[in-house]
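Chains as they are written, first to last, in our numbering: chain L, 1 to 304; chain P, 1 to 304; chain V, 1 to 304; chain H, 1 to 304.
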């Protein structure tokens with residue numbers, strides 16, 4: 001843990017839309033309040049779970065400003081920056097800073113084939129102008145564009161304000177990244193938290209999962225953090241409790257949006273989910289699976 | 001050929017940037033003028049060659065409006081619509097119509113895993129509000145999201161204003177699409193025109209290549225269109241002349257932007273190309289190859 | 001459940017090699033005995049877990065004949081047929097029949113791009129000569145070559161002895177296959193059994209997991225099969241117990257061979273594992289994870 | 001050019017099958033004779049063009065021994081070694097040596113995810129026992145498993161008998177490999193020879209194309225080799241002549257087997273081609289394209 005400033009569970013919010021396709025501000029606020037009430041250490045937005053890939057920059061800014069307002073400084077806000085150009089990322093980082101975001105998560109641009117040095121330069125050019133700490137979204141397993149551990153080291157050496165990492169991938173790969181980057185990065189794991197106890201043992205400082213199980217994942221994290229055998233045992237117990245649900249939800253991003261988003265809506269007491277097209281439609285069987293695997297999870301309160 | 005309204009060579013313009021990363025309006029105008037002077041039957045914008053994937057919607061609108069103004073009604077404008085939502089595509093189509101575009105080319109949204117019927121519904125919802133004829137960008141070989149020939153037929157049946165197709169892929173696949181959609185679509189081939197004489201024989205009404213060889217590809221098209229043995233022989237002669245260059249340029253989209261864009265800039269008499277990062281950088285060897293393969297191509301005039 | 005003849009847990013055996021790279025017959029026998037002692041309803045061989053992709057046909061036949069001899073008719077043997085030609089698959093099916101295999105699992109040949117009808121014809125030509133019931137290995141999510149549900153129906157209609165399916169993929173997809181093929185197939189799920197209780201609810205007749213947790217997965221299956229609420233609760237309890245381990249093991253086929261094979265070797269009381277190159281090498285951290293997640297699992301006895 | 005021992009055009013033979021699926025020895029012999037009569041500098045076998053992926057090791061050995069016999073020492077034979085294990089590759093190399101092969105081309109095993117050092121070790125273990133010079137099949141663009149230029153250098157340093165490379169990929173990448181491996185390898189280009197004049201300028205010593213245009217590609221190579229401006233011009237003229245055909249044939253491996261193999265059969269005066277299933281079937285349109293693009297190519301004589 002290089003800096004230790006940020007840690008814990010940052011749920012990656014769903015983006016709820018209303019019946020005519022606009023942002024459902026009330027649902028978003030409900031989600032923010034419930035996550036904070038459940039103990040979320042921070043809030044993250046605009047990941048794939050948040051459907052950034054189905055929104056243009058104007059809608060992304062609306063999500064950013066709306067959620068920032070809803071949080072109102074209660075917890076740190078981490079903002080994914082999915083813009084596809086240096087200038088676009090710089091402008092979006094500025095907007096995030098204006099909205100009092102605590103840190104930003106730069107996404108690799110959707111450009112295959114360039115040398116890694118060019119990608120380091122891309123991120124560096126954005127980091128140069130950032131006032132808040134900078135994370136990189138890195139996913140060597142599922143993304144086409146990513147940095148090697150050597151590339152991550154170079155980036156941090158050239159731009160010391162890049163010291164956070166959203167490290168997707170198997171826990172063995174995440175552990176190796178932590179080891180090979182020699183403490184340069186505070187790493188949040190992803191993968192829905194499906195390996196969270198082990199990821200924390202590997203040295204991760206937190207996790208950015210979908211919000212479906214935010215209450216239990218916060219308790220899991222706090223139990224691990226206690227550092228006692230009893231704490232670890234409790235963490236693993238909780239993990240076993242929710243893993244079948246996490247596993248089912250995460251077959252693919254669209255599968256998660258089909259079943260996870262509706263599951264979260266139920267927990268939040270929201271009405272019908274209006275998917276952004278094109279979308280996978282839920283089947284009766286799939287809905288039964290989600291309901292059954294999540295049966296033990298109560299409604300999420302919006303205050304403590 | 002179902003409608004026959006649009007045909008011929010529509011060069012897919014490069015997007016030239018200035019030294020600080022903004023749109024280089026003068027270079028764009030030069031490109032438009034040169035293409036029209038070379039006989040282009042229309043102009044296309046915002047394909048992968050145009051780096052839509054490195055621009056946000058605001059920049060895309062700037063390209064649209066700038067190029068529309070530069071064309072000034074001299075030839076039809078075909079506008080790719082790369083927005084990732086129904087509402088975004090509808091708004092962009094409206095902007096294209098306001099700019100007097102002749103037709104629009106809808107890109108599949110970047111959403112994997114949904115049923116084909118959902119994709120048909122997505123395109124249909126956009127087409128419903130369009131005033132201009134609608135094309136679909138379809139590339140079963142290289143894109144993750146595409147329509148089968150049966151899906152294309154359904155889409156045209158439900159929305160008869162969808163009657164154009166940008167049909168990428170091997171000429172054998174394009175020919176099968178034309179056959180299996182039973183004349184529902186006027187098909188422009190792509191693939192840089194690397195199979196153009198055969199694509200036209202397969203029933204394509206035109207082609208949307210990069211602009212590198214616009215002058216020769218226009219002559220090729222007109223020669224084929226003459227419909228005489230001498231015309232076909234001349235078309236094939238031109239094709240053989242430029243194919244080594246076309247083949248070299250198109251190893252990958254970024255390879256094309258590295259070598260093709262610089263090659264076109266030379267033909268246009270433009271200065272240094274400012275790549276949008278991250279980008280493949282040209283090597284001395286690669287530049288030599290491009291220069292040598294294109295040595296016979298003269299500067300492009302900006303008026304006839 | 002169309003036929004009901006075969007059901008339950010068929011562990012897909014690891015292929016253990018000796019120090020010089022040959023088949024370790026003693027280790028294989030130990031594995032067979034332990035699986036049968038643990039209650040396995042059958043034994044499966046030559047899946048990706050069994051490293052068929054690192055063996056030629058001669059070695060595959062050695063595995064087949066060795067395991068068949070070791071089983072000695074105690075439980076049914078299901079043999080994957082990974083040969084890449086019709087003639088090769090026919091010959092391998094004959095060898096399986098000669099070894100008294102109960103059923104065979106045809107793998108799609110590694111040939112991309114052919115029409116589905118050609119793949120149906122391929123499998124049909126093999127099935128035509130088979131004396132034992134025939135399963136298809138179908139994995140629309142991870143394999144390049146697969147059959148649609150319509151293709152599966154056609155295959156079964158043309159060749160009624162093809163009535164078993166190894167159905168990989170999310171439980172929602174497996175359920176849809178069962179529904180859309182209208183009972184034509186008895187389906188064994190795969191995916192390491194990571195969704196087993198739900199797969200059985202979806203109508204699967206069994207599962208073909210790696211052998212790592214054979215004892216607990218047999219108990220899980222039997223508990224589900226009891227059909228009582230208590231049974232289902234017990235099945236889900238066992239599932240939660242082992243899912244963190246199953247999830248860790250299955251990040252990729254080579255990850256499973258790196259950690260799962262060594263884990264199984266420990267449970268079997270075998271010595272050092274000799275990997276077939278090239279292989280992922282275990283790290284200290286990864287080994288710790290496997291040990292910790294599997295700490296509660298005892299040594300596997302080789303008799304009841 | 002490090003060694004200069006082998007050079008020129010090595011056609012990668014098609015594998016012709018008879019009506020019942022066995023090896024058609026007469027057709028193979030006809031093909032060998034025609035290639036040698038056309039001036040082939042060597043013969044290569046068991047590439048993807050040769051359908052190694054649809055044959056088991058026994059059939060591959062039959063191809064090897066049959067072709068070696070047919071060549072009878074007239075030109076050097078290069079043998080692809082597609083076996084998936086160290087022991088399998090060693091045994092196949094020995095068989096190739098016994099058949100008097102001049103060099104072998106090791107294919108990367110189909111194992112994703114291992115560290116590059118493990119792949120270097122794999123190839124090294126095979127090379128250790130080889131008596132003939134060893135080439136690596138390397139294709140960073142289309143294969144899942146490949147060596148970086150640094151890995152290639154290490155391999156050659158550890159095993160100096162590995163000094164040949166079948167370098168697929170864009171000519172710019174091949175040139176960079178030649179540069180970065182500092183002369184350690186004599187490189188044959190692939191990609192059907194679609195960039196042959198430029199590949200030779202980049203420093204390649206030869207090419208391994210499909211045999212379809214063997215006569216013209218030999219003339220192209222010899223013209224380039226003359227090293228005169230007239231020679232280069234003639235080479236480029238021939239290249240332009242055949243590129244439309246080469247481009248059409250190579251849309252995908254199966255596309256090549258569908259159209260290229262039948263085209264070659266016609267040039268050889270063979271009868272019906274019996275495809276190994278599953279296969280793409282030719283359409284009337286595709287056959288017309290192949291015939292028209294290849295109309296100028298005469299029958300291939302089987303003696304000079």
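Yeah, the Cβ is synthetic: ideal placement off N, Cα and C, and Gly gets one too.
Only a predicted model underlies this, so the values are computations on that prediction, with no experimental measurement involved.
Are the CB atoms of residue i and residue j nearer to each other than 8 Å?
i	j	result
residue 213(V)	residue 297(V)	yes
residue 104(L)	residue 134(L)	yes
residue 181(H)	residue 286(P)	no
residue 289(L)	residue 248(L)	yes
residue 106(L)	residue 147(L)	no
residue 202(H)	residue 175(H)	yes
residue 40(L)	residue 303(L)	no
residue 345(V)	residue 220(V)	The displayed coordinates of chain V run from 1 to 304. Any statement about residue 345(V) would go beyond what the structure contains.
residue 187(V)	residue 169(V)	no
residue 192(L)	residue 246(L)	yes
residue 46(V)	residue 60(V)	yes
residue 233(H)	residue 254(H)	no
residue 57(L)	residue 93(P)	no
Check whether the Cβ of residue i lies closer than 8 Å to any Cβ atom in chain L.
i	result
residue 205(V)	no
residue 96(P)	no
residue 217(V)	no
Note the first and the last residue of the continuous beta strand (DSSP E) segment covering residue i.
i	result
residue 106(L)	103–106
residue 141(V)	That residue, residue 141(V), is in no beta strand (DSSP E); it is neither H nor E in DSSP.
residue 45(H)	43–45
residue 81(H)	77–81
residue 165(L)	162–167
Hey, is residue i's beta-carbon within less than 8 Å of any beta-carbon in chain V?
i	result
residue 199(H)	no
residue 202(L)	yes
residue 114(H)	yes
residue 191(H)	no
residue 143(L)	no
residue 129(L)	no
Is the CB of residue i under 8 Å away from at least one CB in chain H?
i	result
residue 153(V)	no
residue 87(V)	yes
residue 222(P)	no
For the ligand FMN, is there a heavy atom less than 7 Å away from the beta-carbon of residue i?
i	result
residue 162(P)	This structure simply doesn't include the ligand FMN, nor any ligand for that matter.
Mind checking which residues open and close the alpha helix (DSSP H) that includes residue i?
i	result
residue 280(H)	Taken as a continuous stretch (DSSP letters only), residue 280(H) belongs to no alpha helix (DSSP H), as it is neither H nor E.
residue 189(P)	Residue 189(P) -> not in any alpha helix (DSSP H); beta strand (DSSP E) instead, spanning 186–189.
residue 66(P)	57–71
Quick one: does residue i have its CB under 8 Å from some CB of chain P?
i	result
residue 263(L)	no
residue 25(L)	no
residue 56(L)	yes
residue 280(L)	yes
residue 109(L)	yes
residue 1(L)	Confidence is the limiting factor: at residue 1(L) the pLDDT is only 45, short of 50, which leaves the residue's position unreliable and the question unanswerable from this model.
For residue i, I'd like the list of residues in its chain whose CB is within less than 8 Å of its CB, leaving aside the five on either flank, ordered along the chain.
i	result
residue 156(H)	162, 163, 181, 184, 185
residue 144(V)	110, 112
Cutting at 6 Å between CB atoms, please list the residues of its own chain near residue i, excluding the five before and the five after it.
i	result
residue 44(V)	10, 12, 78, 208
Quick one: residues in its chain with C-beta nearer than 7 Å to the C-beta of residue i, no 5 flanking neighbours on either side, listed in chain order?
i	result
residue 97(L)	131, 132
Considering only residues of the segment 201–256 of chain P, which uninterrupted beta strand (DSSP E) runs meet the minimum length of 3 residues and lie entirely inside it, listed in chain order? Qualifying beta strand (DSSP E) stretches: none in this window.
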